[in-house]
Structure formats: structure tokens, C-alpha cells
Amino acid sequence: MMNNIIKNMRINRLVRINLVGFYTIIRREIKRVVRIWIQTILPPAITMTLYFIIFGSLIGSRIGDMSGVPYTTFIAPGLIMMSIITNSFGNVVSSFFSGKLHRHLEEMLVSPMEITTIVFGFVSGGLFRGILVSLVVTIVALFFTELKITYPLITVSTIILTSVTFSLAGLLNAIFAKNFDEISIIPTFVLAPLTYLGGVFFSISLLSPFWQSVAQFNPILYMVNAFRYGMLGISDIPILKAYTIIILALVFLFSLVIFLLKRGTGVRN
Amino acid sequence: MEALIIKDLYKTYSNGKYVLKGVDLAVPEGDFFALLGPNGAGKTTIINIITSLTYKTDGSIKVFGHDFDLQANLAKSFIGIVPQEFNINMFETCSNILINQAGYYGITRKEAIIRTEKYLKSVKLWDRKDDIARTLSGGMKRRLMIARALVHEPRLLILDEPTAGVDIEIRRSMWNLLREINDIGMTIILTTHYLEEAESLCRNIAIIDEGKIIENDSISNIVKKLSQQSFIFNLSNSCNKRPNIENFKVSMKSENEIEVRVSSHQNLNDVFQEFSKQGIEISSMRAKSNRLEELFISYVDAKRNDDE
Ligand SMILES: Nc1ncnc2c1ncn2[C@@H]1O[C@H](COP(=O)(O)OP(=O)(O)O)[C@@H](O)[C@H]1O
Ligand SMILES: [Mg+2]
């Protein structure tokens, strides 16, 4: 009896630590994004404005329609997705890595918070920036084209799933990174090519059958198409397949990140 | 109740370095405990294992009865740590550093703000609360880390070389603060390689060398065991030949400095008499400052005698 009461008190203590801890990390991460908005929010707004001017207005008007919609309209969901991917990834990779490099990550590692709480906290930061940037880029897009939201639930859920997946990918990169070079290698050599080939600028039906089947291995393809389906109602990929793949990628990355951090990879001796 | 029990702790780093070789320690609640040892002895490794920054290879650790293998997070919730190296976010303000830290230990923001004021004041950094950590001096950063370790009011405070590189005046005020904290019942463990620091602050002490505890006793007993001490004599006139004093180990440090090792059963008067007999004039004398080194010499000597 007494033992049970003591046990419950302990559990409450640990639950409280993780709840308050989670809130503390989210708050800290959001403040960070807002404080350095010149690095976090402004760049995607500028890049996307340039994309819309060049690919949308200048070149797009000569391309005509793609998948039955004007080219500018076609690329808008892809560009929003692209900003979500780079910004969610970039947010977590730089926040976690700088904590590792300057050692203040230790504050959290020595605390009684669960690893899962720490991961949720960082991912929430990435999600916050992903959503914020998607709103900013959508506003930019509205200056160049009309956008509608055909399936709101699909639109919102793909934003969240994609942002979480790439926040986890950023965390994975930060876990292994030993210096600043190693946090720019992945975005440049993996993320950028996958994004450009992931159907942001074209429908993969334009590709030869061989390259179409190669493209199926690119997870970003599914995210871009699911999102485009949510907004415009068009997709190269069956929507259920897209969701399955996105969720598998998310679960895989989450399990891998938790496994590595529990083992201490990159953060403990 | 023991604040900390370490049993048979081993650590081999991934590079094969064999650093801890079966460490046993017990620190009672309320104690002020020193872990003393030369650089590279394994002090930080032990501390890092207690705070989970380093994984042990073997052994067990209990903090207030909670085993690290079973209830690591519960055990960690009782500990406050001031690490050897700065690990603060240099771009964060002092008050945010404390408020966040409190949050990681489950203290709500409202309460954290109150405690932040209390502990920043206790380390005399309240007037710097809105400054980012980067703008603080080294000694201030160290005090900020102490306040950070206190903000969740741990039952066990661990400080890894808290006064390394801190000037005398700040060291004194830090010592006073630690005494006050210990007086209200917080258990404190600190590592140091100055015997003086351990002597003036702590009740109990363990001496570690090459990953093994070679002595674990009260400070007063240890100091008694400090069987020999070296003295440096400054000569009025330079001397070019090492004087011989029967039963004493004498060496020339320079032309006008002589070092003499004196055991506890020997008498300094004999040394003075011998000097005046040999016409050597002493202008001043001091005890050799690094007594830790001497302590080790006496341990090594004792061991050698045992081996013979
Ligand atoms: N991460 C590490 N990898 C390999 N060897 C290490 C590591 N950290 C410390 N050591 C070695 O372990 C020994 C003990 O170090 P440490 O615990 O820092 O000693 P102390 O704190 O007593 O000065 C040293 O020889 C040091 O070089
Ligand atoms: Mg050390």
C-alpha cells in the first residue's frame, strides 16, 4: 500500500518533469526561430519570390499548362513543400548541432528528462519553423497565382508529416556531425538533389518509364504529390501510397534517432 | 542514508584507454566530500558517469538509494552539476539560462522566475541577469554555472574543479557560498587537485590516482598521515656545495635555496642547529606549497616500503 503511494509519487514527479521540460524546450526553440528571423524566416521568403518570378512568371508563361493547371500554379505547392523541407531540416540540424558543439546540450542530457522528450522538443521547433515558413511562402505565392485548398485535411496533415520527418532527418544529421562542414554536406548533396528531382518543378509523367521507377525511391516525391493533391487535387501518385511511405519514413527516422541517442551516439562517451 | 554509493566502477573509453579500475565510494547525506587527485586521475570521468554524460563499463551507482541502472532519471533529478568546462549557451541571457534549466527539472516557469532571482543574487550576478553569458568574465561564468546547478534545489551538488582558474577573492566568496549551502543540508562533492581547498572546505576525502581510490578518510586523519613535508630555506649567502644533514633529505634548488624533507617524527630545530653549525645563514623559510604532491610521495613511499 505505502509502497504503491510512493511509486505513484515518483511517477508523477517524472511525468511533471517531462511535461514542463517539453514546454521549456518548445518555448526556447520558438524564441530562437523568432529571434533570428533574418536567418530563419526571411531567406525562404526571398528565395521563393525569386523562384516565382523566374520559373513562374518569366519561364512559366511559356511552358503553358502542366497536369492541366497553369505552370505557376503547378509549382506553388512544390515550392511550399521545398521550403518546409529545407527549413525544418535546417532548424533542427543547426539548433541541435550548436548545442552539441558549444556543449549546452549537456544541460538537457544531465537532466532527468527522457530522450524522447528532448527529441519531441527539437522536432516541435522544426515543425514551428516549417509551418511558419509555409505560411510565409503561401502568402508570397498568392502574389503570383491563385491557390485553392481542395482537401484541407490532406493539405495540413502533409505539411505536419513532412515537417516532422525532415526535422528528424536534421536531428539525425546533427547526431553524426562533428563539424560545420558535416552539417552542410547533407543539405547540399542529398537534400537539394532529392528535392529538385522530387517533382517540385515537373510531373514525373514527363520522365521515361525507367526514370519514373527510379523516382519512386525518392521519399520527397510522395510528400510533394500528396501536398499538391491536397491543394490542387492532382497527383502523380495514389494518395494512400503516398501517406504510407511518408509515415513509414517518419517512423523509421524517429526510431533510429531515439535508438542512437539512447545509445549515446554523438552525444555521450 | 547515503547520498551517493559507487561500487566497483570501471571505465574503458572507446579508444581502449583503461581509466577507472574498480572505484568504490560512499558519501553520506549532508557530507562535504572532496575527490582529490592529480590531472588525469579519472575524477571527471567519475563525475560524468554520475551525470550520465559518460557510460560506465561496469559497476553500480546509487543516488539517494536510486540505482542508475533501474531509475536513472529519478536519480538524476536529485543531482546538480557544475562541470569542469563551460557548457552554457553563450548567446542566452543569464536569467534565461536558469529559467530553462529549472524547466528541464520540471519546475514551472512562475516558480523558476522566483528561484532565478534568488540564485542569481546568491552568486552576485543579479545585476547581469539580462546580459548574454558570452559577456561575462571566466569567474562569473563559473558562478553562473553554480547558480544554474542550484536552481532546481538538488539534494546532491557536484562541482568538478570549481575554482580552477578563478582568482583568490572570488575563490573565497565561492567557498563561503558552498559552506552556507552545505550548512542548510545539501550534500556537496567537489573534485580538486588542491589539498588546501579540500582541507579548508571538506569533512571527508577520497584520493584517486590512476583510476583507483588510494585513500578514503576524514580530512583530519589524512592530514595527520601527511607524514612528511618539504621546506625551502632561502640563504643569505649563496652556497655552492650541498650541505649534509644527518637523517634529512637535503637538496639544492638553486645557489641560495635549499630544500629539506622533514618527517613528522623529526624536528626542525635539528635542521636549524645543523645549518648554524655549518655556518649557513638562513634569511627566510617557507613550506613547499604543493602538499598534494607530497601526500602522493608519502603514499608511494609507503607502498614501496610495503613491497620491500
Ligand atoms: N573521451 C575520452 N576518450 C578517451 N580518453 C579519455 C576521454 N576523456 C578522458 N580520457 C582520459 O581519461 C583519463 C582521466 O581523465 P579525467 O577523468 O578527465 O581526469 P581528471 O578529471 O582527474 O583530470 C585521462 O588520461 C584522459 O586522457
Ligand atoms: Mg577533470
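Protein chains in written order, with my numbering: chain A, 1 to 269; chain W, 270 to 577.
Glycine is no exception: its CB is placed at the ideal position from the N, C-alpha and C atoms.
In this text the structure is predicted, and so the values were computed from the model without any measurement.
Self-check item: Thr377 (chain W) versus Phe259 (chain A): straight-line alpha-carbon distance, rounded
Solution: Pairing Thr377 (chain W) with Phe259 (chain A), the inter-Cα distance amounts to about 29 Å.
Practice problem: Could you tell me whether the Cβ atoms of Val420 (chain W) and Ala371 (chain W) are closer together than 9 Å? | Solution: In this structure, Val420 (chain W) sits near Ala371 (chain W), with a CB-CB distance shorter than 9 Å.
Quiz item: Regarding Glu430 (chain W) and ligand 2, is the C-beta to nearest heavy atom distance less than 8 Å?
Solution: In this structure, the C-beta of Glu430 (chain W) approaches ligand 2 to less than 8 Å from one of its heavy atoms.
Quiz item: Which residue's Cα is closest to the Cα of Ala418 (chain W): A:Ile149, A:Val110 and A:Leu135?
Solution: Checking every option, the nearest Cα to that of Ala418 (chain W) belongs to A:Val110.
Quiz item: In chain order, what residues of the same chain lie with their CB nearer than 8 Å to the CB of Lys557 (chain W), ignoring the 5 residues before and after it?
Solution: Gln498, Ser499, Phe500, Ile501, Glu528 and Glu563
Quiz item: Between Asn308 (chain W) and chain D, is there a C-beta pair that is closer than 9 Å?
Solution: The displayed structure is made up of protein chains A and W, and chain D is not among them.
Practice problem: Would you mind working out which of A:Thr155, A:Ala249 and A:Leu14 sits nearest Met113 (chain A), comparing C-alpha positions? | Solution: A:Leu14
Practice problem: Whole angstroms is fine: what's the gap from Glu29 (chain A)'s alpha carbon to Arg62 (chain A)'s? | Solution: 43 Å
Practice problem: Can you grab the Cα-Cα spacing for the pair Ile618 (chain W) / Phe202 (chain A), in whole Å? | Solution: Missing from the structure shown is residue 618 (chain W); chain W here goes from 270 to 577 and no further.
Quiz item: So, is the C-beta of Ser111 (chain A) closer than 9 Å to a C-beta in chain W?
Solution: Yes, because at least one Cβ of chain W sits closer than 9 Å to the Cβ of Ser111 (chain A).
Quiz item: So, using beta-carbon positions, are Arg341 (chain W) and Gly299 (chain W) closer together than 9 Å?
Solution: Residue identity check: residue 341 (chain W) is Ala in the sequence provided, not Arg. No, the Cβ-Cβ distance between Ala341 (chain W) and Gly299 (chain W) is not below 9 Å.
Quiz item: Do Asn356 (chain W) and ligand 2 come close, with the Cβ less than 8 Å from some heavy atom?
Solution: No, the Cβ of Asn356 (chain W) stays beyond 8 Å of every heavy atom of ligand 2.
Exercise. Would you list the residues whose beta-carbon is nearer than 6 Å to any heavy atom of ligand 1, in the order they occur in the chain?
Key: A:Asn269, W:Tyr282, W:Asn284, W:Lys286, W:Val288, W:Gly306, W:Asn308, W:Gly309, W:Ala310, W:Gly311, W:Lys312, W:Thr313 and W:Thr314
Exercise. Return helix, strand or coil for Asn173 (chain A), following the three-state DSSP convention.
Key: helix
Exercise. Compute the distance between the beta-carbons of Gly125 (chain A) and Ser83 (chain A), then report whether it is under 9 Å.
Key: no
Practice problem: Out of A:Leu127, A:Gly90, A:Tyr222 and A:Arg32, point me to the one whose CA is closest to Ile186 (chain A)'s CA. | Solution: A:Gly90
Quiz item: With 9 Å set as the bound, which would you pick, yes or no: does the beta-carbon of Phe355 (chain W) sit closer than that to a beta-carbon of chain A?
Solution: yes
Self-check item: Beta-carbon contacts of Ala174 (chain A) that lie in its chain and below 6 Å, excluding the five residues immediately before and after
Solution: Val93, Phe96 and Phe97
Quiz prompt | 8 Å contact criterion, which Ile458 (chain W) and Leu304 (chain W) should meet: CB distance rounded | solution = 6 Å
Quiz item: With distances taken between CB atoms, is the gap from Cys363 (chain W) to Lys390 (chain W) smaller than 9 Å?
Solution: no
Practice problem: Select from W:Phe517, W:Asn516, W:Lys522 and W:Met554 the residue whose C-alpha is nearest the C-alpha of Cys508 (chain W). | Solution: W:Lys522
Quiz item: chain W beta carbons: is any one of them nearer than 9 Å to that of Ile24 (chain A)?
Solution: Here the sequence assigns Thr to residue 24 (chain A), which means Ile is not the residue at that position. For Thr24 (chain A), the answer is yes, since a Cβ of chain W falls inside 9 Å of its Cβ.
Exercise. Can you pull the chain A residues whose beta carbon is under 7 Å from the beta carbon of Ile376 (chain W), in chain order?
Key: Val20
Self-check item: According to DSSP, residues forming a beta bridge with His335 (chain W)
Solution: For His335 (chain W), which the question treats as bridged, DSSP gives the partners W:Val332.
Quiz item: Can the beta-carbon of Leu147 (chain A) be found less than 9 Å from the beta-carbon of Met231 (chain A)?
Solution: yes
Practice problem: Check the Cβ-Cβ distances between Gly125 (chain A) and every residue of chain W, and say whether any is below 9 Å. | Solution: no
Practice problem: State yes or no: is the beta carbon of Lys345 (chain W) nearer than 9 Å to at least one beta carbon in chain A? | Solution: yes
Quiz item: How many angstroms separate the CA atom of Arg403 (chain W) from the CA atom of Lys410 (chain W)?
Solution: Going from the Cα of Arg403 (chain W) to the Cα of Lys410 (chain W) covers about 8 Å.
Quiz item: Is it true that the region 62 to 79 of chain A meets the region 134 to 145 of chain A, where meeting means three or more beta-carbon pairs spaced less than 8 Å apart?
Solution: yes
Practice problem: Find the residues of chain W that neighbour Gly264 (chain A), judging by a C-beta separation of less than 8 Å, and give them in chain order. | Solution: Correct list: Tyr324.
Quiz item: Would Val190 (chain A) be called buried (16 or more neighbouring beta carbons within 10 Å of its own) or exposed?
Solution: exposed
Self-check item: Cβ-based burial, Lys546 (chain W) [other Cβ within 10 Å; buried from 16]
Solution: exposed
Practice problem: Show which residues of chain W have a CB atom less than 8 Å away from the CB atom of Met108 (chain A). | Solution: Tyr373
Exercise. Give the straight-line distance between the Cα atoms of Glu577 (chain W) and Leu413 (chain W), rounded to the nearest whole angstrom.
Key: With a pLDDT of 48 at Glu577 (chain W), under the threshold of 50, the modelled position of this residue cannot be trusted, and the question is left open.
Self-check item: Member of A:Ile159, A:Val257 and A:Ser205 whose CA lies at the smallest distance from the CA of Phe128 (chain A)
Solution: A:Ile159
Self-check item: For Tyr196 (chain A), the residue or residues it bridges with in DSSP
Solution: For Tyr196 (chain A), which the question treats as bridged, DSSP gives no partner whatsoever.
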